[in-house]
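Going down the list, the sequences are from chains C and Y.
Just so you know, the first sequence maps onto residues 94 to 441 in the numbering used here.
Just so you know, the second sequence maps onto residues 94 to 441 in the numbering used here.
Number of protein chains: 2
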Amino acid sequence: MLQSIQWKENCLLLLNQTLLPNKVEYIECRDYQVVAEAIRRLEVRGAPAIGVAAAFGIVLGAKEFSNSQYFWTSLLKVAEELGQTRPTAVNLFWAIERMMSVASRYDKNSDIADVILALEHEAIAIAAEDLDMNSKIAHFGAELFNIPVSVLTHCNAGALATAGLGTALGVVRQAFSEGNITRVFADETRPLLQGARLTAWELMQDNIPVTIITDNMTGWVMKKNMVQAVIVGADRITLNGDVANKIGTYGVAVLAKEHNIPFYVAAPVSTFDFTMESGLNIPIEERDATEVTHFAGIRTAPEGIEVFNPAFDVTPSSLITAIITEYGVLKGPYNEAIAELQQKIKGV
Amino acid sequence: MLQSIQWKENCLLLLNQTLLPNKVEYIECRDYQVVAEAIRRLEVRGAPAIGVAAAFGIVLGAKEFSNSQYFWTSLLKVAEELGQTRPTAVNLFWAIERMMSVASRYDKNSDIADVILALEHEAIAIAAEDLDMNSKIAHFGAELFNIPVSVLTHCNAGALATAGLGTALGVVRQAFSEGNITRVFADETRPLLQGARLTAWELMQDNIPVTIITDNMTGWVMKKNMVQAVIVGADRITLNGDVANKIGTYGVAVLAKEHNIPFYVAAPVSTFDFTMESGLNIPIEERDATEVTHFAGIRTAPEGIEVFNPAFDVTPSSLITAIITEYGVLKGPYNEAIAELQQKIKGV
Chain C
94 MLQSIQWKEN CLLLLNQTLL PNKVEYIECR DYQVVAEAIR RLEVRGAPAI
144 GVAAAFGIVL GAKEFSNSQY FWTSLLKVAE ELGQTRPTAV NLFWAIERMM
194 SVASRYDKNS DIADVILALE HEAIAIAAED LDMNSKIAHF GAELFNIPVS
244 VLTHCNAGAL ATAGLGTALG VVRQAFSEGN ITRVFADETR PLLQGARLTA
294 WELMQDNIPV TIITDNMTGW VMKKNMVQAV IVGADRITLN GDVANKIGTY
344 GVAVLAKEHN IPFYVAAPVS TFDFTMESGL NIPIEERDAT EVTHFAGIRT
394 APEGIEVFNP AFDVTPSSLI TAIITEYGVL KGPYNEAIAE LQQKIKGV
Chain Y
94 MLQSIQWKEN CLLLLNQTLL PNKVEYIECR DYQVVAEAIR RLEVRGAPAI
144 GVAAAFGIVL GAKEFSNSQY FWTSLLKVAE ELGQTRPTAV NLFWAIERMM
194 SVASRYDKNS DIADVILALE HEAIAIAAED LDMNSKIAHF GAELFNIPVS
244 VLTHCNAGAL ATAGLGTALG VVRQAFSEGN ITRVFADETR PLLQGARLTA
294 WELMQDNIPV TIITDNMTGW VMKKNMVQAV IVGADRITLN GDVANKIGTY
344 GVAVLAKEHN IPFYVAAPVS TFDFTMESGL NIPIEERDAT EVTHFAGIRT
394 APEGIEVFNP AFDVTPSSLI TAIITEYGVL KGPYNEAIAE LQQKIKGV
């Protein structure tokens, strides 16, 4: 199976997603700054994957400063720097907090080697849980598919976005293996083409039929009844069930509603922000204008043109048919379903 | 003013729109095949513009065969070839038919020089009417704007798509000059980026504030109340008011409805297909997969990937607030409004 993130003792290997599908190349991260840079440049991307990468980034940072008399302040700085790479996906902060809470069990008198070992175990656990979570989401999600249908997905919530099978694409893989998904339509997902480059590539590797379309074809594909369901991932889910995800997701959700097509979101509990009431408060990352004005170094828009380039949007829960988690499938009213989910997590 | 189409006696100059915004270069068409090829390759594009170009293509064809004993059959072949360049925009067929109906006033005993002169006059008349039509549409359309708003447009229905000010962008230019449009959001319009390349370029030339976005940002821009109206062109309008236009238009119309934003279509009467009941019957051109899989010669999707690449979609009249023509503004029920329009045209 495709492994986008691999841990080899003192080195984190990250499949460089900016080079796909033309080149399969791993970045060797031997210090935390390389990890932070890889997250910032989207060389590693996808909410669960950046959580796992950041966890190992903290391990690398801890190792770098293991002999420093400023170990503890350095570790805080590492966590802070990793946390500043991207603002929207909550899994990043979730993973960093989880790592720092392990560190906080130790104090200034502890043996630093013990701290580092505990951090490494925690990061490995986060990656292993991600794998397990993917598999559970895949199975819960596949139960929503009972007859053969074509599905549409946006961006990449696949193996490349996680340490495992993927969230949305994990469900696709499972439902395909059960004969209930016959084809995937992948929005190319401008500006960075995660759909055309990544989703198409990873589904082709698994011999799952996939057709790419430009983002503006989604409505027409639905109108022509070429897809019967939508499934996407998420970068942050608030208490009322609002979902931040790759820019364009909101438009797809409105179109799905117009065509009476179910709109599913697949995401692990680490994507839920239990401190935030609604999607209105989610900070939306705006990225560089050149992502829109250039392509592969070639200018495609006039010099000096103004650009609006939000990387995410927020889909209100009213447009979401179900949210698939590793604890089961949530349906509205989401305030209640998510409160119950929180109880379940605490109970485990 | 920008002139995308110029007629210089035996030569049709077409601004090569595939090279914009990086290069301003005219194609010198001295025979009809070059015109046909320019239409096919979208070097000249936009429904009204390809009508005008095809009209001059017929003049060039007639001149080429002026000394041939097979003049009349050759002229038919020229018309047929030009008509086969693109299937969706009806202005192409409208212009060709109008030219051939002028030719049909002559017979085998006529002086060919007279035929050619009549054809040239007709083509010049079509171009002049286009200019006049643009100006009328601009004024009728601007009456719909009474307070300063930002508008969104898709693809390019501007000076580059016509012989004059443009249809949708003609309205924008007029309403801007009256202080009622403050900014234009231009969807980049994949796969060929007519929004980012052409609309952005021509509005910047006129110092009209313009912001480009990727197609999948439209919903979010509406949700954030950054635009208060949509205005687009059309490639074919049927008797019930359904509108074929650049792929993605349908999705924009659905999103406009969801956000209670008026959705306007600006098009000359040559865009109306008075022989077709509804949009269901409009042939939709599908273009080469490489438009989606490649960008500026660089492959951006995996080899062997399947692609769906319709160049147009159909927006049902129920989503259209008004259709702006050179005869005035049409509102629903469109069956009646378009029947009245037909009477008006006949009456003039």
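By construction, the Cβ of each residue, glycine as well, lies at the ideal position given by its N, Cα and C atoms.
- When the beta-carbon positions are compared, ALA155(C) and ILE132(C) stay at least 8 Å from each other.
- Residue nearest to ALA382(C) within the set PHE356(C), LEU153(C) and THR393(C) is THR393(C) (criterion: CA-CA distance).
- Interface annotation, GLU118(Y): not in contact with chain C, CB-CB separation never under 8 Å.
- At a cut-off of 8 Å between beta-carbon atoms, ARG392(Y) makes contact with chain C.
- Collapsing the DSSP output to three states places PRO355(Y) in coil.
- Among the residues facing chain C, THR418(Y) is not included, as its CB has no counterpart in that chain under 8 Å away.
- Around ASP308(C), the same chain offers ASP280, GLU281, THR282, ARG283 and GLY341 as residues with beta carbons nearer than 7 Å, after the five sequence neighbours per side are excluded.
- For a cut-off of 8 Å, the C-beta gap from GLU399(Y) to VAL303(C) is around 7 Å, short enough to register as a contact.
- In this structure, ALA250(Y) lies near VAL325(Y), with their beta-carbon atoms less than 8 Å apart.
- Contact annotation: PRO355(C) and ALA322(C) have beta-carbon atoms nearer than 8 Å.
- Between ASN353(Y) and chain C, the shortest Cβ-Cβ separation is not below 8 Å.
- In this chain, the beta strand (DSSP E) harbouring VAL325(Y) covers 322-325.
- Around the Cβ of LEU262(Y), a 10 Å sphere holds 16 or more other Cβ atoms; the residue is buried.
- For ALA430(Y), the three-state secondary structure derived from DSSP is helix.
- Residue state for LEU258(Y) is assigned as coil, using DSSP reduced to three classes.
- In the three-state scheme derived from DSSP, where H, G and I count as helix and E and B as strand, THR292(Y) is classed as helix.
- Positions of the alpha helix (DSSP H) runs, each at least 4 residues long and wholly inside the stretch 327-400 of chain C, are given as 342-351 and 383-386 in order along the chain.
- A direct Cα-Cα distance of roughly 26 Å separates ALA182(Y) from ALA268(Y).
- Scanning its chain for C-beta atoms nearer than 6 Å, with the 5 sequence neighbours on each side dropped, one finds around GLY234(C) the residues VAL264, ALA359 and ILE417, in chain order.
- From the listed residues VAL137(C), SER167(C), LYS201(C) and ILE189(C), the smallest Cα separation to GLU215(C) is found for ILE189(C).
- Taking a Cβ-Cβ threshold of 9 Å, the residues of chain Y close to ARG283(C) are GLU281, ARG283, THR307, ASP308, ASN309 and MET310, in chain order.
- Assignment of GLU281(Y) by DSSP, reduced to helix, strand and coil, places it in the coil class.
- In the displayed model, GLN287(Y) falls within a helix according to three-state DSSP.
- Annotation: ALA256(Y) to SER363(Y) spans about 14 Å, alpha carbon to alpha carbon.
- Residue nearest to GLU351(C) within the set GLY312(C), ASP366(C), ASN333(C) and SER203(C) is GLY312(C) (criterion: CA-CA distance).
- DSSP places ALA206(Y) in no beta strand (DSSP E) but in the uninterrupted alpha helix (DSSP H) bounded by 205-235.
- Listed in chain order, the positions of the stretch 377-390 of chain C with a beta carbon within less than 8 Å of a beta carbon of chain Y are VAL385, THR386, PHE388 and ALA389.
- A straight line joining the alpha-carbon of TRP294(C) with that of LEU135(C) spans about 17 Å.
- Between PHE401(Y) and ILE306(C), the gap from beta carbon to beta carbon is short of 8 Å.
- Chain C places a beta carbon closer than 8 Å to that of GLU399(Y), counting this residue as a contact.
- Runs of the alpha helix (DSSP H) spanning 4 or more residues and lying entirely within the stretch 96-175 of chain C occur at 125-133 and 140-157, in chain order.
- For LEU412(Y), there is no enclosing beta strand (DSSP E), as DSSP marks it with neither H nor E.
- Listed as beta-bridge partners of THR246(Y) by DSSP are ALA279(Y).
- Contacts with chain Y (Cβ-Cβ distance below 8 Å) from the stretch 313-334 of chain C involve TRP313, VAL314, LYS316 and MET319, listed in chain order.
- Sixteen is the threshold: since fewer than 16 other Cβ atoms of the shown chains lie within 10 Å of the Cβ of LYS116(Y), the residue is exposed.
- Around ARG290(Y), the beta-carbon contacts reaching into chain C at under 9 Å are THR393, ALA394 and PRO395.
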